[in-house]
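Residues 1 to 328 in the UniProt record's numbering are what the sequence shown lists, from first letter to last. All remarks here apply to the structure that follows.
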Amino acid sequence: MGLKVKLICVFLFGFIYSFSQTISNLEKYTNPVVDYSLPDPSLILADDGYYYLYATENIRNLPIHRSRDLVVWEFVGTAFTEQTRPNFEPQGNIWAPDINRIGNKYVLYYSMSEWGGEWTCGIGCAVSDRPDGPFKDNGMMFRSNGIKVQNSIDPFYIEDDGHKYLFWGSFRGVYAIELSEDGLTVKKGANPIQIAGTAYEGTYIHKHEGYYYMFASIGSCCEGLKSTYTTVVGRSKQLLGPYMDKNGKGMLDNHHEILIHKNEYFVGPGHNSEIIMDKAGNDWIFYHAVNVKNPEGRVLMLDKIIWKNDWPEVKGQSPSLESERPEV
Numbered sequence: 001m002g003l004k005v006k007l008i009c010v011f012l013f014g015f016i017y018s019f020s021q022t023i024s025n026l027e028k029y030t031n032p033v034v035d036y037s038l039p040d041p042s043l044i045l046a047d048d049g050y051y052y053l054y055a056t057e058n059i060r061n062l063p064i065h066r067s068r069d070l071v072v073w074e075f076v077g078t079a080f081t082e083q084t085r086p087n088f089e090p091q092g093n094i095w096a097p098d099i100n101r102i103g104n105k106y107v108l109y110y111s112m113s114e115w116g117g118e119w120t121c122g123i124g125c126a127v128s129d130r131p132d133g134p135f136k137d138n139g140m141m142f143r144s145n146g147i148k149v150q151n152s153i154d155p156f157y158i159e160d161d162g163h164k165y166l167f168w169g170s171f172r173g174v175y176a177i178e179l180s181e182d183g184l185t186v187k188k189g190a191n192p193i194q195i196a197g198t199a200y201e202g203t204y205i206h207k208h209e210g211y212y213y214m215f216a217s218i219g220s221c222c223e224g225l226k227s228t229y230t231t232v233v234g235r236s237k238q239l240l241g242p243y244m245d246k247n248g249k250g251m252l253d254n255h256h257e258i259l260i261h262k263n264e265y266f267v268g269p270g271h272n273s274e275i276i277m278d279k280a281g282n283d284w285i286f287y288h289a290v291n292v293k294n295p296e297g298r299v300l301m302l303d304k305i306i307w308k309n310d311w312p313e314v315k316g317q318s319p320s321l322e323s324e325r326p327e328v
């Protein structure tokens, strides 16, 4: 083989290898997918083809981001302004939003609290025609001292069998209550039902293959590198429980399975989002964590859920550094 032919072969091999590496890199993503603080994420696929993600207001007035592919996110604004933000807890912040589509409206449930205000905090909701807002506050739904549930934060909305429910709670028990037809108020005469024990907050329930799976977080969320937040799960045949671990022990007694715990790269992985299914049928979950290399804030993480023997798992039970992208 002549020198000229050899050089052409070497060039072609290098080009093909470089091209294949580029394609491979395009098919992968790295965590965190957003490297600034977006705690307690909640997201929804809107009619315009974008995924919209909402988070606790480390960005004032509750930040909204959007993405086409679940990996690259852009900031599009806030749910509220200084003039329109909820005010039933004047010194409080807006925490742990939960976004939903009810009828033809986008309904955003939120917590309003200040640190230590476990009897004055509460849950409200706001409504918009558009996923990017503006949201009109519908006001407080209930407050801890009114509904007699201490630390009434971290709302999660779900519809089941023609009924609408709100779940909530933070280390004082997880509770559920039935809502009105429009989902904006508590149903007249409804009372709270305790669903899980005092180890949990940040509840989310996902129905899969005949089971209801309650995802929640245990430990401390907000102590930087000392955060002990861990994502856990239990399951039930009924929405209102009882939720059990693999050994049949109940979440009412603080038993559960570990889904995501810390590793050498990220600590405090918790307060997960809704589960999103991609076009390939794979399930994905967002959550926040503290980046060991840059521990400022709680960054946005993405990982695939794997179903094994009717239980959800994340590879290695810990946050990934790199993974294949969702197919969206």
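Don't be surprised by glycine CBs; every beta carbon is placed ideally from N, CA and C.
Exercise. How is aspartate 253 classed by DSSP in three states: helix, strand or coil?
Worked result: Aspartate 253: helix per DSSP, three-state reduction.
Exercise. Can the beta-carbon of alanine 289 be found closer than 8 Å to that of valine 267?
Worked result: In this structure, alanine 289 lies near valine 267, with their beta-carbon atoms less than 8 Å apart.
For this session: Could you please give the first and the last residue of the uninterrupted alpha helix (DSSP H) stretch that includes isoleucine 306?
Result: Counting along the chain, isoleucine 306 falls outside any alpha helix (DSSP H), though it belongs to the beta strand (DSSP E) covering 294-308.
For this session: From the DSSP output, in three-state form, read off threonine 22 for me.
Result: For threonine 22, the predicted structure reports a pLDDT of 43, less than 50, and the residue's modelled location is therefore unreliable. A value from the coordinates is still provided. Threonine 22: helix per DSSP, three-state reduction.
Exercise. Can asparagine 138 and proline 319 be called in contact, C-beta distance under 8 Å?
Worked result: No; because the gap between Cβ atoms is not below 8 Å, this pair is not in contact.
Exercise. Going by beta carbon distance, what residues of the same chain come within less than 8 Å of glutamine 317, once the five residues before and after it are set aside?
Worked result: Contacts found: Ile258, Leu259, Ile260, His261.
Exercise. DSSP beta-bridge partners for leucine 108?
Worked result: Looking at the DSSP output, leucine 108 bridges to Ile99, Ala126.
For this session: Please classify cysteine 121: is it buried, with 16 or more other beta-carbons within 10 angstroms of its beta-carbon, or exposed?
Result: Buried.
Problem set entry | Nearest to aspartate 161 (by Cα), restricted to the options Asn282, Tyr212, Ala196, Ile123 | Here the closest residue by C-alpha is Tyr212.
For this session: Leaving aside the five residues before and after isoleucine 195 along the sequence, list all residues of the same chain whose C-beta is less than 6 Å from its C-beta, in chain order.
Result: Around isoleucine 195: Val174, Ala176, Gly241.
Exercise. Would a C-beta distance cut-off of 8 Å place isoleucine 153 and phenylalanine 167 closer than the cut-off?
Worked result: Taking 8 Å as the Cβ cut-off, isoleucine 153 and phenylalanine 167 do not qualify as a contacting pair.
Exercise. When the Cα of glycine 297 is compared with those of Glu27, Leu38, Pro134, Pro97, which residue comes out closest?
Worked result: Closest option to glycine 297, Cα to Cα, is Leu38.
Exercise. Considering only C-alpha positions, which residue in the set Trp307, Lys249, Cys222 is nearest to proline 269?
Worked result: Relative to proline 269, the option among Trp307, Lys249, Cys222 whose CA is nearest is Cys222.
Exercise. Mind checking whether glutamate 118 and asparagine 93 have CB atoms under 8 Å apart?
Worked result: Not in contact: glutamate 118 and asparagine 93 (Cβ atoms no closer than 8 Å).
For this session: Report all residues from its chain with a CB closer than 6 Å to the CB of leucine 53; omit the five preceding and five following residues, and keep chain order.
Result: Closer than 6 Å at Cβ, skipping near neighbours: Pro41, Leu43, His65.
For this session: Counting only the same chain and skipping the five closest in sequence on each side, list residues whose C-beta sits under 7 Å from that of leucine 300.
Result: Contacts found: Pro32, Val33, Val34, Leu38, Pro41, Phe286, His288.
Exercise. Taking Cβ to Cβ, would you say proline 326 is nearer than 8 Å to aspartate 278?
Worked result: In this structure, proline 326 places its C-beta atom within 8 Å of the C-beta atom of aspartate 278.
For this session: State the start and end residues of the unbroken alpha helix (DSSP H) segment that holds glycine 146.
Result: For glycine 146, the uninterrupted alpha helix (DSSP H) run begins and ends at 144-147, by DSSP.
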